[in-house]
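Working notes, structure below.
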Amino acid sequence: MLRFVLMLLFLLAQPTLWAEELAMGIGLFNPSLKVNVGDEDDSETIQFSPNNASTLNLIFSYGNLGLDLTTSKARNDSDDEIKLDTKYHDIQLAFYGGQHNYLVTYQEYKGYYVSNPEQIDNTYTKNDEESLFPNMETRSLSFRYFRVFKPESFNLDSAYGIVDYQEEKGGSWIIGVGATKEKLKSPNKGFSPSYANSNYQSLIDLRKIDILSLNSQGGYSYTYVYKSLYANAILMFGAAIQQKSIQYSNESHSDTAIGFNSTIGISLGMNKKKHKLSLQVFGISNQIKIDDKSISSNLINVGIMYAYRFGDKNIPYLSDVSKWLDY
897 MLRFVLMLLF LLAQPTLWAE ELAMGIGLFN PSLKVNVGDE DDSETIQFSP
947 NNASTLNLIF SYGNLGLDLT TSKARNDSDD EIKLDTKYHD IQLAFYGGQH
997 NYLVTYQEYK GYYVSNPEQI DNTYTKNDEE SLFPNMETRS LSFRYFRVFK
1047 PESFNLDSAY GIVDYQEEKG GSWIIGVGAT KEKLKSPNKG FSPSYANSNY
1097 QSLIDLRKID ILSLNSQGGY SYTYVYKSLY ANAILMFGAA IQQKSIQYSN
1147 ESHSDTAIGF NSTIGISLGM NKKKHKLSLQ VFGISNQIKI DDKSISSNLI
1197 NVGIMYAYRF GDKNIPYLSD VSKWLDY
């Protein structure tokens, strides 16, 4: 630990030749990867949610480079509502370059429950055995590229990162492309509680879904600025080519189809030259079709964050990588 502190002090003392702005932050976030199951002939939707506690995030950003790390935690012991522990990992790598922006994410969750049993059959609760899916697992690895068309008047980092701050209001159209590898697995109970209606009977026998998606999106984001206060919203929709491998208890098959995806975010708070305090809500949804059923994985991250900017610093090797991302 002492060696790490001494190394950090050494890096902060470096001259500003070929320097980038260094910022560090800390945040309290509650990420989740939810799964919703719907039927074309029924307005009823089955909502599967993880039961995980909020985590403390350590955030590092240097020029166009960013790192956001959390540790795996079980549910909060003071929360006695759901008798289920969810174990998970959440890693996010963000590269903000003004016009060119990159996001790499990895999420892994194990342990889900039906969060809306009263809408399916009001004789059941969230803690009934039929509502608990302790062996349900989700895993998602994704790479996304976002191109901002007007970087001179809008900056994604000022809204969702910790390095830049936007001094005047402005917005921009954004396009995004990327690839996502997902796995949804429920080896014991499938993807439907036993008390759901007969339309979902086939999902009880569904055991695993592997999806490889090539995604494209388009949308708009705008940041309103009043003195040191700001508010941002982003809304994007798109389609994806999906290669699916579907495994039931007694058969399996593969196919290729078109799916849909969306990105929605809100960020607001205080943003000054040295300090940033923000409340953020960010969500990414990917939808797939299995026969007449719709299954969507919804990555949602809600939290509050504080960041401090140290100014321009020269960190060997990292400064070279950050400069390369400018092009």
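Residue numbering for the sequence shown is 897 to 1223, as defined by the working numbering. Backbone N, C-alpha and C fix where the C-beta goes; we use that ideal spot for every residue, glycine too.
Helix, strand or coil at residue i according to DSSP, with G and I counted as helix
{"i": "ILE1016", "result": "helix"}
{"i": "GLU1025", "result": "helix"}
{"i": "VAL1059", "result": "coil"}
{"i": "TYR1126", "result": "strand"}
{"i": "SER1190", "result": "strand"}
{"i": "LEU1008", "result": "According to the sequence shown, residue 1008 is Tyr rather than Leu. Note: TYR1008 maps to strand in three-state DSSP."}
{"i": "ASP981", "result": "coil"}
{"i": "GLU1091", "result": "The amino acid occupying residue 1091 in the given sequence is Tyr; Glu does not appear at that position. Coil, per DSSP."}
{"i": "ASP1151", "result": "strand"}
{"i": "ASP935", "result": "strand"}
{"i": "SER1145", "result": "coil"}
{"i": "ASP882", "result": "Limits of the chain in this structure are 897 at one end and 1223 at the other, which puts residue 882 out of reach."}
{"i": "SER1215", "result": "helix"}
{"i": "SER1082", "result": "coil"}
{"i": "SER1098", "result": "helix"}
Pick from the options that is closest to residue i, judged by C-alpha positions
{"i": "SER1011", "options": "ALA1055, SER945, ASP935", "result": "SER945"}
{"i": "LEU1164", "options": "ILE1200, MET1132, GLY1179, SER1181", "result": "ILE1200"}
{"i": "SER1181", "options": "LYS979, SER1192, ASP1187", "result": "SER1192"}
{"i": "VAL1073", "options": "TYR1041, TYR1096, LEU1175, SER1098", "result": "TYR1041"}
{"i": "ASP1060", "options": "LEU1102, GLU916, ASN1093, ASP1216", "result": "GLU916"}
{"i": "ASP1024", "options": "ARG1035, TYR1009, SER1036", "result": "TYR1009"}
{"i": "THR941", "options": "ALA1092, GLN1062, ILE1142", "result": "ALA1092"}
{"i": "VAL1121", "options": "SER1190, HIS1149, ASN1051", "result": "ASN1051"}
{"i": "LYS1104", "options": "VAL1044, MET1132, GLU1033", "result": "GLU1033"}
{"i": "TYR1126", "options": "LEU929, GLN1176, GLY1114, GLY1155", "result": "GLN1176"}
{"i": "LYS1081", "options": "ILE1107, SER1068, ASN1095", "result": "ILE1107"}
{"i": "LYS1185", "options": "ILE1142, GLY1114, LYS1169", "result": "ILE1142"}
{"i": "PHE1087", "options": "ASN932, ASN1018, ASN948", "result": "ASN932"}
{"i": "SER1158", "options": "THR1152, LYS1168, GLY1114", "result": "GLY1114"}
{"i": "LEU918", "options": "LYS1046, HIS1171, TRP1220, ASP1188", "result": "HIS1171"}
{"i": "PRO1047", "options": "ARG1035, PRO1030, ILE1070, SER950", "result": "ILE1070"}
{"i": "GLY1179", "options": "VAL1198, ASP1187, SER1190", "result": "VAL1198"}
{"i": "GLN995", "options": "ARG1043, ILE1154, GLU1063", "result": "ARG1043"}
Burial state of residue i, where buried means 16 or more other Cβ atoms lie within 10 Å
{"i": "GLN1015", "result": "exposed"}
{"i": "ALA1055", "result": "buried"}
{"i": "THR1021", "result": "exposed"}
{"i": "ASP973", "result": "Unreliable positioning characterises ASP973 in this predicted model, as indicated by a pLDDT of 48, which lies under 50. The coordinate reading is nonetheless provided below. Under this definition ASP973 is an exposed residue."}
{"i": "LYS1209", "result": "buried"}
{"i": "TYR958", "result": "buried"}
{"i": "GLY1007", "result": "buried"}
{"i": "SER1145", "result": "exposed"}
{"i": "ILE1215", "result": "The amino acid occupying residue 1215 in the given sequence is Ser; Ile does not appear at that position. Buried: at least 16 other Cβ atoms inside 10 Å."}
{"i": "GLN1138", "result": "buried"}
{"i": "GLU1078", "result": "buried"}
{"i": "ASP986", "result": "buried"}
{"i": "THR1119", "result": "buried"}
{"i": "ASP975", "result": "Its pLDDT being 47, under 50, ASP975 is placed unreliably by the model, and the measurement read from it follows with that caveat. Counting Cβ neighbours within 10 Å, ASP975 comes out exposed, since fewer than 16 surround it."}
{"i": "LYS930", "result": "buried"}
{"i": "GLY921", "result": "buried"}
{"i": "TYR1213", "result": "exposed"}
{"i": "SER1094", "result": "exposed"}
{"i": "GLN1097", "result": "exposed"}
{"i": "GLY1207", "result": "exposed"}
According to DSSP, residues forming a beta bridge with residue i
{"i": "ASN1167", "result": "LYS1172"}
{"i": "ALA990", "result": "LEU999"}
{"i": "PHE1039", "result": "VAL1000, ALA1075"}
{"i": "SER1054", "result": "In DSSP, SER1054 forms no bridge with anything."}
{"i": "GLU916", "result": "LYS1209"}
{"i": "PHE956", "result": "MET920, LEU963"}
{"i": "VAL1198", "result": "ASN926, VAL1177"}
{"i": "PRO946", "result": "TYR1008"}
{"i": "GLU1048", "result": "Answer by DSSP bridge pairing: none, since GLU1048 is not bridged."}
{"i": "GLU1033", "result": "LYS1006, LYS1081"}
{"i": "LYS1065", "result": "Its beta-bridge partners do not exist; DSSP assigns none."}
8 Å contact criterion, which residue i and residue j should meet: CB distance rounded
{"i": "SER1124", "j": "ALA1075", "result": "The Cβ separation is near 38 Å, so there is no contact."}
{"i": "TYR1002", "j": "THR982", "result": "Contact flag wrong, Cβ pair sits at about 16 Å."}
{"i": "ILE955", "j": "ILE1058", "result": "6 Å"}
{"i": "LEU1173", "j": "TYR1204", "result": "Not confirmed; about 10 Å, so no contact."}
{"i": "PRO1089", "j": "SER1027", "result": "6 Å"}
{"i": "ASN953", "j": "SER928", "result": "No, ASN953 and SER928 are not in contact; Cβ-Cβ is about 14 Å, not under 8 Å."}
{"i": "SER1117", "j": "SER1068", "result": "6 Å"}
{"i": "TYR992", "j": "ASP1053", "result": "4 Å"}
{"i": "PRO1030", "j": "LEU980", "result": "6 Å"}
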